[in-house]
Amino acid sequence: MEASFAVESGSVLTSRNAGIVGISITVVLWFIASWRLLYHYSGVCGSDFFRRPSDDEVQYLRTDGLTTKRVVHVLLWITMVVEGVAYADMTASNTTNPFNYALLDVIGRGVLEFSTYIIVTIFWFIVTSRARAGASEKKIVFTIYPLILAFASIGMIVSSTIEAVVLLSGDFAGVDDFRAKSQIHKVGTIIEASAWGVHFTVVSICCFMVYKRISSLPTFSQVRGHAKRNIVNKMMIPMICTALSYALRCGWMTADFVSRIHNPSKPFETGLGWWLGNVWIPTLVPCVSLLYSIRKRDREPGSIDGVSDALLHPQHPYEHNDPILLFHRIFRDMDEDDEE
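With numbering that gives the first Met the number 0, letter number 70 in the sequence shown gets 69, and the count goes up by one each step, no holes.
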């Protein structure tokens with residue numbers, strides 16, 4: 000296997016160099032995911048990490064069983080381990096072989112990353128559907144979009160599984176030969192591009208729904224600018240960043256498919272441009288954004304992270320008519336988020 004390639008998608012990049020950069024990214028994300036996973040299970044953090052939580056804290060925080068946020072952290076942790084092993088093999092061998100390709104591109108990106116991101120998006124839809132403020136969509140909308148994502152995830156898993164089996168069967172001379180000659184790879188590429196495109200679209204729709212709910216509140220116009228920026232930063236920006244990352248990966252996968260149709264002999268899935276646009280950025284940005292978005296521990300009742308329950312679910316009728324009381328609760332909740 001060649002150690003470096005001169006390709007149209009970027010300058011020459013050896014497998015070892017790509018592996019070193021990949022290991023650096025996965026190690027950082029692995030440590031962050033490990034820290035946040037301990038944080039979610041411990042109930043305390045920071046200087047009080049080793050302090051036993053009080054009875055009131057235990058009642059306020061959900062410390063039992065699996066929750067959506069904890070499942071996401073576990074999946075991200077596993078994803079970083081799998082991709083880290085792939086990058087380590089690339090660094091040691093200075094080649095892209097069937098083993099590290101299957102781990103990184105098929106299992107890591109095609110199955111684990113996509114499924115983890117899907118879970119968070121469905122979680123966003125579920126929480127948004129419970130936000131009564133400004134709701135104008137029909138309830139069936141919040142069933143259709145998660146179903147679309149579920150089918151996209153199933154399609155990705157099936158396609159990736161078939162691709163991995165064909166690649167590891169030994170019928171091809173190597174990864175380059177597999178990329179150039181395999182029809183399964185071409186079909187898998189367009190399926191993956193379509194799935195990421197669908198995911199981008201659905202996240203964009205969810206982001207717009209949340210924005211409508213927040214901006215349509217009669218008291219939102221009375222919130223000071225700093226508080227508005229906090230709401231946007233903590234809720235909207237993670238959605239926007241993840242959506243753009245999904246669109247970026249969709250674009251690169253589509254370009255790869257077109258390249259395989261018109262000029263299959265030239266390698267496209269290598270080079271600095273490919274690694275940046277399709278691998279590293281669409282992994283790093285969503286992981287950091289999602290870890291930030293689900294940073295709050297599980298509470299009862301739950302809330303949209305970054306937007307307090309007081310804003311979306313006023314618990315007392317008189318708060319609708321008294322913005323001072325309503326946003327006093329909002330600012331108090333924001334202060335608690337900043338302390339975390």
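Quick reminder that beta carbons are idealized off the backbone N, C-alpha and C, glycines included.
I'd like the span of the alpha helix (DSSP H) that includes A91, first residue to last. Translated into positions along the sequence shown, residue 91 becomes position 92. If you look at A91, you'll find it in the alpha helix (DSSP H) that goes T67 to S92.
Below 8 Å on the Cβ atoms is my guess for T115 versus L75; work out the distance and round it to an integer in Å. The residue you call residue 115 lines up with position 116 of the sequence shown. The residue you call residue 75 lines up with position 76 of the sequence shown. Rounded to the nearest angstrom, the Cβ distance from T115 to L75 is 6 Å, consistent with a contact under 8 Å.
Pick helix, strand or coil for R294, following the three-state DSSP scheme. Here residue 294 corresponds to residue number 295 of the sequence shown, with the count starting at 1. Per DSSP, reduced to three states, the secondary structure at R294 is coil, with no helix or strand assignment.
Go ahead and pull the three-state DSSP assignment for G196. Here residue 196 refers to the residue found at position 197 when the sequence shown is read from its first residue. Helix at G196.
Nearest by alpha-carbon distance to Y38: which of V119, T94 and K68 is it? As a first step, residue 38 is located in the sequence shown; it is residue number 39 there, counting from the start. Scanning V119, T94 and K68 for the CA closest to the CA of Y38 turns up K68.
Using the beta-carbon count (16 or more within 10 Å), is H184 buried or exposed? Along the sequence shown, one-based indexing puts residue 184 at 185. For H184, the number of other beta carbons within 10 angstroms of its own is at least 16, and it is reported as buried.
Below 8 Å on the Cβ atoms is my contact criterion, and I expect S244 with I280 to pass it. Report the Cβ-Cβ distance as a whole number of Å. Taking the sequence shown and counting its residues from 1, one reaches residue 244 at position 245. Taking the sequence shown and counting its residues from 1, one reaches residue 280 at position 281. Going by Cβ atoms, the distance from S244 to I280 rounds to 7 Å, so yes, they are a contact pair.
Could you tell me the distance, in whole angstroms, from the CA atom of V165 to the CA atom of D88? On the sequence shown, position 166 is the one that residue 165 refers to. On the sequence shown, position 89 is the one that residue 88 refers to. Rounded to whole angstroms, V165 to D88 spans 20 Å at the Cα level.
How many angstroms separate the CA atom of L382 from the CA atom of S152? A question about residue 382 goes unanswered here, because the residues of the chain that appear run from 0 up to 339.
Between the segment 203-210 and the segment 167-176, do three or more beta carbon pairs fall short of 8 Å? Contact fails between the segment 203-210 and the segment 167-176, because fewer than three Cβ pairs, one in each stretch, are under 8 Å apart.
Output needed for W29: all residues of its chain with C-beta closer than 8 Å, excluding positions within five of it in sequence on either side, in chain order. Here residue 29 is taken as the residue at index 30 of the sequence shown, counted from 1. The answer, listed in chain order, is W76, M79, V80 and G83.
Considering only residues of the same chain and omitting the five flanking positions on each side of A242, which have a CB-CB separation below 7 Å? The sequence position of residue 242 within the sequence shown is 243, counting from 1. The residues F199, V202, S203 and C206, in chain order, have a CB closer than 7 Å to that of A242 in the same chain once the five nearest residues on each side in sequence are set aside.
Counting C-beta neighbours from all protein chains within 10 Å, is the total for T142 16 or more, i.e. buried, or is it exposed? Position 143 of the sequence shown, counted from the start, is the residue given in the question as residue 142. T142 counts as exposed, since fewer than 16 other C-beta atoms from the protein chains shown sit within 10 angstroms of its C-beta.
At which residue ranges does the segment 251-293 contain complete alpha helix (DSSP H) runs of 4 or more residues, listed in the order of the chain? Entirely contained in the segment 251-293, the alpha helix (DSSP H) runs reaching 4 residues are, in chain order, 280-292.
With a CB to CB cut of under 6 Å and the five nearest residues on each side skipped, what residues in its chain are close to L103? For the purposes of this step, residue 103 is identified with residue 104 of the sequence shown, where counting begins at 1. Cβ within range, chain order: E82 and A85.
Could you tell me the alpha carbon to alpha carbon distance between F49 and V73, rounded to whole angstroms? Position 50 of the sequence shown holds residue 49. Position 74 of the sequence shown holds residue 73. Unreliable placement is indicated for F49, whose pLDDT of 47 sits below 50; the coordinate value is still reported in the next sentence. Taking the straight line joining both Cα atoms gives about 22 Å.
Collapsed DSSP secondary structure at T241 in the structure displayed: Numbered from 1 along the sequence shown, position 242 holds the residue referred to as residue 241. Helix, per DSSP.
Pairwise C-alpha distance: M234 and R129: Mapped onto the sequence shown, residue 129 falls at position 130. Mapped onto the sequence shown, residue 234 falls at position 235. In this structure, the straight-line span from the alpha carbon of R129 to that of M234 is close to 16 Å.
Between the CA atoms of L275 and P237 - distance to the nearest angstrom: Along the sequence shown, read from residue 1 onward, the residue named residue 237 stands at position 238. Along the sequence shown, read from residue 1 onward, the residue named residue 275 stands at position 276. In this structure, the CA atom of P237 is about 20 Å from the CA atom of L275.
Do you know whose CA, among I22, G270, V174 and L65, lies nearest P341's CA? No answer is possible for residue 341: it lies beyond the span of the chain, which begins at 0 and ends at 339.
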